[in-house]
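Written out below as structure tokens is the structure these notes cover.
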Amino acid sequence: MDQVGGDGKKIKIRSSEAIRQARWMARAIYSLKIDLYKSQFKISANDKRVLPDVCLFITVIYVKPWLQCNLTVNAPNQDLCFLKRLKEYEPVDKLISKAALNKFTQHPWYFSEEIAPFYHSLMMKLMNKPRNILY
Numbered sequence: 123m124d125q126v127g128g129d130g131k132k133i134k135i136r137s138s139e140a141i142r143q144a145r146w147m148a149r150a151i152y153s154l155k156i157d158l159y160k161s162q163f164k165i166s167a168n169d170k171r172v173l174p175d176v177c178l179f180i181t182v183i184y185v186k187p188w189l190q191c192n193l194t195v196n197a198p199n200q201d202l203c204f205l206k207r208l209k210e211y212e213p214v215d216k217l218i219s220k221a222a223l224n225k226f227t228q229h230p231w232y233f234s235e236e237i238a239p240f241y242h243s244l245m246m247k248l249m250n251k252p253r254n255i256l257y
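Numbered according to my numbering, the sequence shown terminates at residue 257, and the numbering increases by one at each position without gaps.
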């Protein structure tokens with residue numbers, strides 16, 4: 123949404139990241155509930171096929187960083203660990219891993235110069251050492 127400010131310049135107003143995050147978490151929680159009670163719902167064949175994959179991603183990869191996100195000070199380290207887990211999840215489900223990595227790397231605005239070497243080092247290590255995420 124664009125608006126014109128007092129000086130005539132356009133100001134771009136976007137929905138809050140918190141709102142987008144809340145929508146994603148609502149979808150994630152509903153996906154888990156639907157999977158638990160799928161015998162009570164009429165679900166399309168495609169949804170039945172992809173729902174377990176989505177639920178596996180949520181429980182194996184996403185729940186831990188979501189529950190630990192209350193301390194802003196720890197965010198850079200947690201995000202690096204989250205990136206590492208996303209990369210390690212590739213052998214389990216390459217499509218979901220790539221989509222999550224793509225989405226997550228579109229928002230690196232808070233990575234500072236101090237964390238850049240760690241990020242680069244971590245990504246280089248991940249590219250060379252595939253491991254099993256489900257141990």
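Where a beta carbon is used, it is the ideal one built from N, C-alpha and C, also for glycine.
Are the CB atoms of Ala222 and Leu208 nearer to each other than 7 Å? Result yes, Cβ atoms of Ala222 and Leu208 sit closer than 7 Å.
Using DSSP with H/G/I as helix, E/B as strand and the rest coil, what is Tyr159? Three-state DSSP puts Tyr159 in coil, outside helix and strand.
Which of the three DSSP states, helix, strand or coil, is assigned to Leu193? For Leu193, the secondary structure class from DSSP, reduced to helix, strand or coil, is coil.
If contact is defined by three or more beta carbon pairs under 8 Å, each pair taking one atom from either stretch, is the stretch 186-200 in contact with the stretch 210-224? No: fewer than three Cβ pairs fall under 8 Å.
Within a Cβ cutoff of 7 Å, which residues of the same chain sit near Phe260, ignoring the five residues on either side of it in sequence? A query on residue 260 cannot be resolved here, the shown segment of the chain reaching from 123 to 257 and no further.
Nonlocal neighbours in the same chain, by C-beta distance under 7 Å from Glu174, ignoring five residues either side: For the sequence presented, residue 174 should be read as Pro rather than Glu. Taken in chain order, the residues that qualify are Asp157.
Report buried or exposed for Ser219, applying the criterion of at least 16 other Cβ atoms within 10 angstroms of its Cβ. Ser219 comes out buried.
Give the range of the alpha helix (DSSP H) segment to which Ile218 is assigned. Its alpha helix (DSSP H) spans residues 216-226.
Taking the beta carbon of Ile180 as the centre, do at least 16 other beta carbons fall within 10 Å, making it buried, or is it exposed? By the neighbour-count rule (16 or more Cβ atoms within 10 Å), Ile180 is buried.
Can you tell me where the alpha helix (DSSP H) holding Pro174 begins and where it ends? Segment 167-179, the alpha helix (DSSP H) holding Pro174.
With the cut-off set at 7 Å, would you say Val172 and Ser153 are in Cβ contact? Contact: no.
Look up Tyr184 in the DSSP assignment and say whether it is helix, strand or coil. If DSSP states are grouped into helix, strand and coil, Tyr184 belongs with the helices.
Can you give me the Cβ contacts of Met147 inside the same chain, cut-off strictly under 8 Å, excluding the 5 residues immediately before and after it? Same-chain partners within the cutoff: Trp188.
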